[in-house]
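Numbering (our numbering), first residue to last: 26 to 364.
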């Protein structure tokens with residue numbers, strides 16, 4: 026009886042994988058068609074969704090959809106990773122001062138439910154701050170005062186911002202295959218104008234069984250176009266394919282060296298390549314570096330991670346440095362907590 030039950034479970038698992046892989050192939054073909062149609066147009070909206078959230082992910086040059094031990098960080102990187110955590114409850118909080126006094130912040134919470142997998146909620150916020158409102162002077166009608174030196178009239182200020190709310194589900198279909206999906210409500214506003222949409226992220230992770238090698242796929246920001254004011258634009262869709270493995274040690278080793286290679290195709294840019302390396306020492310100190318190919322001004326990334334116990338809770342602190350050739354370089358901080 027036990028063997029029959031397990032045989033049926035194995036058959037059901039294989040059938041589920043076949044259906045999931047078929048869905049993945051369908052998505053890849055759809056994304057490929059969209060990329061061919063819109064490639065290099067540069068007209069996608071909601072650009073804040075293209076900014077990496079996790080400091081660990083950012084430090085690896087935007088590579089990492091096949092990483093392990095990510096906890097709630099996986100909500101922003103690849104939802105398929107969330108179920109791999111052995112913590113019942115995990116939290117992730119990120120803050121970064123972005124370019125020209127803007128701020129990028131995120132918060133995620135993941136919880137394991139027996140028989141379901143892992144569920145999570147997340148929020149990403151991009152704050153542009155206050156922006157000066159100006160107007161052109163009109164000779165004879167609207168002219169500057171005698172002491173005015175600016176070519177524009179100052180008329181107070183306005184605000185702008187963007188937010189994404191997500192609900193995620195992550196499941197292990199077998200011991201080697203995990204699947205995750207996130208449904209997101211995204212909204213942007215500038216002064217009195219705003220736009221919103223509902224989009225989805227879909228991710229997969231497969232342990233090949235060859236040493237610690239694993240492969241993953243992640244379709245991000247999949248959805249229909251939306252309208253802002255009187256202009257329509259599409260979502261910043263992106264398909265990522267990645268492979269990673271431990272060059273030294275394995276996933277269970279306290280000392281290990283992980284190498285990652287990631288290829289990405291966005292619907293508004295050329296193909297891009299991300300390479301990352303992560304060295305873990307005694308499961309406590311982590312050194313990271315990455316390089317981004319195919320970008321105009323972004324390239325080198327560096328990072329540091331510290332893992333420790335605090336009040337019987339696992340805490341992770343990650344820092345990421347991202348170089349930019351024209352704008353100021355940025356530093357990103359993520360705090361992870363596992364209960």
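Here a beta-carbon is modelled for each residue, glycine too, at the ideal position from N, C-alpha and C.
Nothing here was measured: the structure is a model prediction, and the numbers come from that model.
| field | Same chain, Cβ closer than 8 angstroms to residue 93, neighbours up to 5 away in sequence not counted | value | Stepping through the chain shown from its first residue, residue 93 is reached at position 68. Only 106, 109, 276 meet the Cβ criterion.
| query | Should residue 263 be labelled buried (16 or more other beta-carbon atoms within 10 Å of its own) or exposed? | reply | For this step, residue 263 is matched to residue 238 along the chain shown. Its Cβ being crowded by 16 or more others within 10 Å, residue 263 is buried.
| task | May I ask you to verify whether the stretch 121 to 135 touches the stretch 204 to 223, counting CB pairs closer than 8 angstroms and requiring at least 3? | result | Verdict: no, contact absent.
| task | Please classify residue 236: is it buried, with 16 or more other beta-carbons within 10 angstroms of its beta-carbon, or exposed? | result | Working through the chain shown from its first residue, we reach residue 236 at position 211. Flag for residue 236 reads exposed.
| field | Distance CB(residue 147)-CB(residue 191) smaller than 8 angstroms | value | By 1-based counting over the chain shown, the position of residue 147 is 122. By 1-based counting over the chain shown, the position of residue 191 is 166. Result yes, Cβ atoms of residue 147 and residue 191 sit closer than 8 angstroms.
| field | Beta carbon of residue 260 nearer than 8 angstroms to that of residue 250 | value | As a working mapping, residue 260 is identified with position 235 in the chain shown. As a working mapping, residue 250 is identified with position 225 in the chain shown. The criterion of a C-beta distance shorter than 8 angstroms is satisfied by residue 260 and residue 250.
| request: Please say whether residue 327 and residue 336 have beta carbons closer to each other than 8 angstroms? | output: As a first step, residue 336 must be located in the chain shown, where it is residue number 311. As a first step, residue 327 must be located in the chain shown, where it is residue number 302. The answer is no: Cβ separation not under 8 angstroms.
| request: Figure out for me which residue from 218, 294, 101 has the closest Cα to the Cα of residue 130. | output: The residue given as residue 130 occupies position 105 in the chain shown. Of the listed residues, the one whose Cα sits closest to residue 130 is 101.
| Is it the case that the Cβ atoms of residue 158 and residue 180 are separated by a distance below 8 angstroms? | Translated into positions along the chain shown, residue 158 becomes position 133. Translated into positions along the chain shown, residue 180 becomes position 155. A Cβ-Cβ contact shorter than 8 angstroms links residue 158 with residue 180.
| query | Within the present structure, is the beta-carbon of residue 323 separated from the nearest heavy atom of the ligand ZN by less than 7 angstroms? | reply | With respect to small molecules bound, the structure shown includes none, and the ligand ZN cannot be examined in it.
| Between the beta-carbon of residue 248 and the beta-carbon of residue 224, is there less than 8 angstroms? | As a working mapping, residue 248 is identified with position 223 in the chain shown. As a working mapping, residue 224 is identified with position 199 in the chain shown. If you check the CB distance, residue 248 and residue 224 come in under 8 angstroms.
| residue 362 - DSSP class collapsed to helix/strand/coil | Stepping through the chain shown from its first residue, residue 362 is reached at position 337. Residue 362: strand per DSSP, three-state reduction.
| Buried versus exposed, by CB contacts within 10 Å (16 or more), residue 69 | Counting from one through the chain shown, the residue named residue 69 turns up at place 44. Classification of residue 69: buried, given that the 10 Å Cβ count is 16 or more.
| query | For residue 307 versus residue 323, is the C-beta distance shorter than 8 angstroms? | reply | Working through the chain shown from its first residue, we reach residue 307 at position 282. Working through the chain shown from its first residue, we reach residue 323 at position 298. It is not a contact, given that the beta carbons lie outside the stated cut-off.
| residue 194 versus residue 206: straight-line alpha-carbon distance, rounded | Within the chain shown, the letter at position 169 stands for residue 194. Within the chain shown, the letter at position 181 stands for residue 206. Rounded to the nearest angstrom, the two C-alpha atoms are 6 angstroms apart.
| said: In the DSSP output, which residue or residues are listed as bridge partners for residue 343? | reply: Counted from its first residue, the chain shown places residue 343 at position 318. According to DSSP, residue 343 bridges with 330, 359.
| query | Which same chain residues, not among the five before or five after residue 243, have their C-beta less than 6 angstroms away from its C-beta? | reply | Residue 243 sits at position 218 when you count from the first residue of the chain shown. Its chain contains 90, 103, 228, 265 as the residues whose beta carbon lies nearer than 6 angstroms to that of residue 243, once the 5 sequence neighbours on both sides are disregarded; these appear in chain order.
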